[in-house]
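As numbered in full-length UniProt numbering, residues 1 to 140 make up the sequence shown, in order.
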Amino acid sequence: MLGRSAPSLTHGCAKPQVRADLDNQAVGKAAREVLFRLRLMHPELTVVWADSAYAGGLVDWARSFLKLTVKTVGRPKNTPGFVILPRRWVVERSIAWIMQARRNARDYERLPQHSEALITWAAITLMTRRLTRPGGAVAR
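In structure tokens, the structure reads:
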């Protein structure tokens, strides 16, 4: 999902560097850059999941310029309390896996490129462990 600094480990290239204090126009520009990079690196992708904050112009832009379908996930209106959102678990699971790496438990990095490198390193470590598991079976 866009807007979180954790990629799905199946497509580990989308790591948006979006600060929390940016306005909507800057966030939209960053999301377009991430989608553009994603399309260049993975032309086989057809569907991308995003938070409901990206609904509107980004969905139309991605469809017309990148030939991508952006599906937004949002909270149902007028629902108090905790609500389970579809596909949100993928992002939360990926964040949990990446945070298991000790260097990612705290954010001491000064440059976004360093944080991105550490996230990539953690994702590579996870995928390497999966690939080298005896029998190739996924442990549960």
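Idealized CB from N, CA, C, for every residue including glycine.
Computed from a predicted structure; not experimentally measured.
Exposure label - residue i; buried when at least 16 CB within 10 Å
i	result
K15	Note on K15: pLDDT 49, under 50, position unreliable in the model; the coordinate value appears next. Buried is the call here.
V27	buried
S94	buried
L40	exposed
T10	Confidence in T10 is poor, its pLDDT being 43 and thus under 50, which makes the residue's placement unreliable; the coordinate value appears in the next sentence. Under this definition T10 is an exposed residue.
A105	exposed
Reference residue i; option with closest CA among the options
i	options	result
R130	W97, L118, A53	W97
V73	R93, P86, W61	P86
P76	E44, L66, S52	S52
Y54	R37, K29, F36, A105	K29
L66	T120, P43, R88	P43
S115	A50, T132, M99, T128	M99
S64	F36, T132, W89, I124	F36
Sub-7 Å separation of residue i and residue j beta-carbons
i	j	result
V34	V48	no
R103	L118	yes
L58	A31	yes
Cross-strand partners of residue i (DSSP beta bridge)
i	result
K71	W49
Closer than 6 Å: residue i CB and nearest the ligand COA heavy atom
i	result
A123	For the structure depicted, the ligand COA is absent and the ligand set is empty, with no information on it obtainable.
Report task. Could you say if the stretch 75-87 and the stretch 103-113 meet the contact criterion of at least three C-beta pairs nearer than 8 Å? Result -> no
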